[in-house]
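Numbered per numbering that gives the first Met the number 0, the sequence shown spans residues 0 to 263.
Note that beta-carbon positions come from the ideal geometry of N, C-alpha and C, so glycine has one too.
What follows is a single structure, written as structure tokens, with notes after it.
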Amino acid sequence: MKIGFIGCGNMASAMIGGIIKNQVTAPADILASAKTAASREKKKEELGIALTADNREVAGFADVLILAVKPFYYKEVIKEIRDVVSEDTIVVSIAPGKKLAWMEGLFEKPLKIVRTMPNTPALVGEGMSCVCGNEKCSSEDVDTVCRIFAGFGKTEIVEEDMIDVVVGVSGSSPAYVFMFIEAMADAAVADGMPRAQAYRFAAQAVLGSAKMVLETGKHPGELKDMVCSPKGTTIEAVRVLEEKGLRSAVFEAMKACVKKGREV
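So, in structure tokens, the structure goes:
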């Protein structure tokens, strides 16, 4: 299977690294494009793959073509490559807000198009991605994309109208978590802990808590209650978080994120 990446930024690099590490396909079967010679040389050295400045070359090469550029470049890139892309090629979008019908219209011919939404933890092999194919895609086509994305994390198949929700709960949410870790570390620093150590304690607490949700199957509220002893320190902290509106702030932030995604 030949995989092409138009664009080779951080997300594409994370995806390529996972694909190679998990032997989804060989480095020789991956071709990516990057604008500058410096970027191409750097990515070639980092990833061990071939790079080109020509998006059309990538489009003609790939069995699975991943559009890994920023959303505002999609229209320009699709118009550039549409006459090169084969009807057998699976075209994969990682852009929020760009609907299947919109992309189909730009390509001006029937193609297999799959929308996905990965997130930045793909950089450490812990990504979470959703996958949704158009009517031209067979279940095997969708499975192929899932197998590629499983190289750098976990995947779930969703309906297209859920992708904007995925953006809020998964695509953008690492930023919320990073803010939470930073805030906890700042408070620890204020109480005298060295900053590097504070980040380790806060980040490991978040990592371990997430694993407990995933591996125990218990409701997050039940796990929270397990930490909250009567008249204890934790329930006092929880009381303050409730008083300051933590749940409401998260809820409203995610609603704003989903709304913005639907406007793009």
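Bridge-paired residues (DSSP) for residue i
i: residue 126; result: 152
i: residue 4; result: 31 and 65
i: residue 246; result: Its beta-bridge partners do not exist; DSSP assigns none.
i: residue 89; result: 63 and 111
i: residue 49; result: 30
i: residue 132; result: 113
Span separating the alpha-carbon of residue i from that of residue j
i: residue 180; j: residue 106; result: 42 Å
i: residue 183; j: residue 101; result: 42 Å
i: residue 97; j: residue 71; result: 10 Å
i: residue 49; j: residue 29; result: 7 Å
i: residue 79; j: residue 56; result: 11 Å
i: residue 47; j: residue 37; result: 15 Å
i: residue 15; j: residue 27; result: 12 Å
i: residue 209; j: residue 218; result: 12 Å
i: residue 114; j: residue 263; result: 15 Å
i: residue 161; j: residue 138; result: 19 Å
i: residue 222; j: residue 34; result: 48 Å
i: residue 82; j: residue 255; result: 37 Å
i: residue 211; j: residue 220; result: 12 Å
i: residue 20; j: residue 142; result: 19 Å
Distance CB(residue i)-CB(residue j) smaller than 7 Å
i: residue 17; j: residue 151; result: yes
i: residue 157; j: residue 129; result: yes
i: residue 135; j: residue 95; result: no
i: residue 163; j: residue 246; result: no
i: residue 124; j: residue 257; result: no
Expected contact under 8 Å - CB spacing of residue i and residue j to nearest Å
i: residue 58; j: residue 84; result: 5 Å
i: residue 10; j: residue 117; result: 6 Å
i: residue 187; j: residue 197; result: 4 Å
i: residue 45; j: residue 12; result: 7 Å
i: residue 66; j: residue 76; result: 6 Å
i: residue 227; j: residue 239; result: Contact flag wrong, Cβ pair sits at about 13 Å.
Cβ-based neighbour list, residue i, same chain, cut-off 8 Å, excluding 5 preceding and 5 following
i: residue 61; result: 1, 2, 3, 30 and 88
i: residue 103; result: 109, 110, 112 and 133
i: residue 73; result: 66, 92, 94, 97, 102 and 105
Cut-off 7 Å between Cβ atoms - residues of its own chain near residue i, not counting five sequence neighbours on either side
i: residue 214; result: none
i: residue 68; result: 5, 6 and 76
Close Cβ partners of residue i (< 6 Å) along its chain, the five nearest in sequence each way excluded
i: residue 23; result: 147 and 150
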